[in-house]
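Asker: Next up is a structure, given as structure tokens.
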Amino acid sequence: AQSVSQHNHHVILSEAASLELGCNYSYGGTVNLFWYVQYPGQHLQLLLKYFSGDPLVKGIKGFEAEFIKSKFSFNLRKPSVQWSDTAEYFCAVSPNTGGFKTIFGAGTRLFVKA
Amino acid sequence: DGGITQSPKYLFRKEGQNVTLSCEQNLNHDAMYWYRQDPGQGLRLIYYSQIVNDFQKGDIAEGYSVSREKKESFPLTVTSAQKNPTAFYLCASSSASGGRTYNEQFFGPGTRLTVL
Numbered sequence: 262a263q264s265v266s267q268h269n270h271h272v273i274l275s276e277a278a279s280l281e282l283g284c285n286y287s288y289g290g291t292v293n294l295f296w297y298v299q300y301p302g303q304h305l306q307l308l309l310k311y312f313s314g315d316p317l318v319k320g321i322k323g324f325e326a327e328f329i330k331s332k333f334s335f336n337l338r339k340p341s342v343q344w345s346d347t348a349e350y351f352c353a354v355s356p357n358t359g360g361f362k363t364i365f366g367a368g369t370r371l372f373v374k375a
Numbered sequence: 073d074g075g076i077t078q079s080p081k082y083l084f085r086k087e088g089q090n091v092t093l094s095c096e097q098n099l100n101h102d103a104m105y106w107y108r109q110d111p112g113q114g115l116r117l118i119y120y121s122q123i124v125n126d127f128q129k130g131d132i133a134e135g136y137s138v139s140r141e142k143k144e145s146f147p148l149t150v151t152s153a154q155k156n157p158t159a160f161y162l163c164a165s166s167s168a169s170g171g172r173t174y175n176e177q178f179f180g181p182g183t184r185l186t187v188l
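Residue numbers (this note's numbering), protein chains in the order written: chain A, 262 to 375; chain B, 73 to 188.
Here is the structure:
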């Protein structure tokens with residue numbers, strides 16, 4: 262069965278620290294990849310997505326993610342986090358077969374200390 | 073404003089009662105979804121619908137039912153058969169543009185259901 266693994270459930274960083282959240286998936290075919298973010302009290306929203314092309318994708322608020330096909334990974338990065346990045350982050354994978362569902366990881370709660 | 077609305081925001085239910093959670097979207101999206109969010113478990117898919125009058129079970133459909141009579145509406149009923157219904161429920165939708173059936177999903181604000 263397809264699955265998505267997020268390596269860290271809780272991450273605590275100080276402001277200006279660099280961030281990398283791991284995401285691995287299990288599916289052998291072509292996939293669409295997403296990172297969603299849920300800020301406290303807000304809707305879940307898209308942070309960035311990858312469908313094809315350049316494996317390094319940039320999203321909102323300075324986030325980026327790199328798709329490494331050989332490692333089935335789509336790690337999220339940010340060079341310098343801010344207190345406002347405190348949120349829960351979800352990696353999601355959608356097999357690109359048409360008519361299929363999206364599978365979400367368990368989420369990573371990030372807390373940034375001011 | 074385009075978006076997804078869910079109601080109510082908070083819902084309390086006695087054991088043995090069925091309850092229906094509302095989800096409406098005005099984004100003209102074809103696909104709609106219901107997820108359950110529990111701490112440490114991420115989002116788990118309950119049901120999804122690709123078009124009107126059609127829907128499929130997700131990973132945890134037992135104890136739930138849905139209907140899709142209109143494109144913009146996808147209500148979820150939590151039945152008394154659901155053994156652990158206390159959770160946060162999220163509705164989402166997505167378009168089918170660009171030849172990709174499932175693009176990014178847009179989420180509603182959620183309904184927190186508590187069974188007393």
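Don't be surprised by glycine CBs; every beta carbon is placed ideally from N, CA and C.
Using a Cβ-Cβ cutoff of 7 Å, what residues of the stretch 111–135 of chain B are near chain A? List them in chain order.
Answerer: G112, Q113, G114, L115, L117, Y120, Q122, G130
Asker: Looking only at its own chain, which residues have a Cβ that is under 6 Å from the Cβ of V124/B, when we skip the five neighbours before and after it?
Answerer: R140, K143
Asker: Measuring CA to CA, which of T291/A, A277/A, L308/A, V292/A is closest to Q299/A?
Answerer: Comparing Cα-Cα distances from Q299/A to each of T291/A, A277/A, L308/A, V292/A, the minimum goes to L308/A.
Asker: So K362/A contacts chain B; which residues on that side make the cut at Cβ distance below 7 Å?
Answerer: Ordered by position in chain B, the residues that pass the 7 Å Cβ test against K362/A are L117, Y120, G130.
Asker: Taking A153/B as the reference, give the member of N98/B, G180/B, V187/B with the closest Cα.
Answerer: The candidate whose alpha carbon is nearest that of A153/B is V187/B.
Asker: Give the range of the beta strand (DSSP E) segment to which I123/B is assigned.
Answerer: 114–123
Asker: Counting only Cβ pairs nearer than 7 Å, list the residues of chain A close to Q177/B.
Answerer: T363
Asker: Could you list which residues in chain B have their beta carbon closer than 7 Å to that of A367/A, in chain order?
Answerer: G112, Q113, G114
Asker: Give the straight-line distance between the Cα atoms of Y288/A and Y161/B, rounded to the nearest whole angstrom.
Answerer: Note on geometry: alpha-carbon atoms of Y288/A and Y161/B lie some 27 Å from one another.
Asker: Would S341/A and S275/A be called neighbours here (beta carbons separated by less than 8 Å)?
Answerer: no
Asker: Just the C-alpha distance for H304/A and G88/B, rounded to the nearest angstrom, thanks.
Answerer: 30 Å
Asker: Would A348/A and N336/A qualify as a contact pair, given that the criterion is a beta-carbon distance under 8 Å?
Answerer: no
Asker: What separation, rounded to the nearest whole angstrom, lies between the Cα atoms of A367/A and Q343/A?
Answerer: 23 Å
Asker: What does L305/A reach in chain B if we use C-beta pairs closer than 7 Å?
Answerer: L162, F179
Asker: Taking only beta carbons into account, state which residues of the stretch 286–299 of chain A come closer than 9 Å to chain B, listed in chain order.
Answerer: N293, F295, Y297, Q299
Asker: Taking 8 Å as the threshold (beta carbon to beta carbon), is K319/A in contact with chain B?
Answerer: By this cut-off, K319/A is not an interface position.
Asker: What are the residues that DSSP puts in a beta bridge with S264/A?
Answerer: S287/A
Asker: Residues of chain B with CB under 9 Å from F351/A, in chain order?
Answerer: G114, L115
Asker: Using a Cβ cut-off of 7 Å, pull out every chain B residue sitting near H270/A, in sequence order please.
Answerer: G112
Asker: If you follow the beta strand (DSSP E) that W344/A is part of, which residue opens it and which one closes it?
Answerer: W344/A -> no beta strand (DSSP E), and no H or E assigned at all.
Asker: Taking a cut of 7 Å between CB atoms, which residues from the stretch 320–341 of chain A lie near chain B?
Answerer: none
Asker: Could you have a look at K330/A and say whether DSSP puts it in helix, strand or coil?
Answerer: helix
Asker: Kindly indicate the opening and closing residues of the beta strand (DSSP E) around L93/B.
Answerer: 91–97
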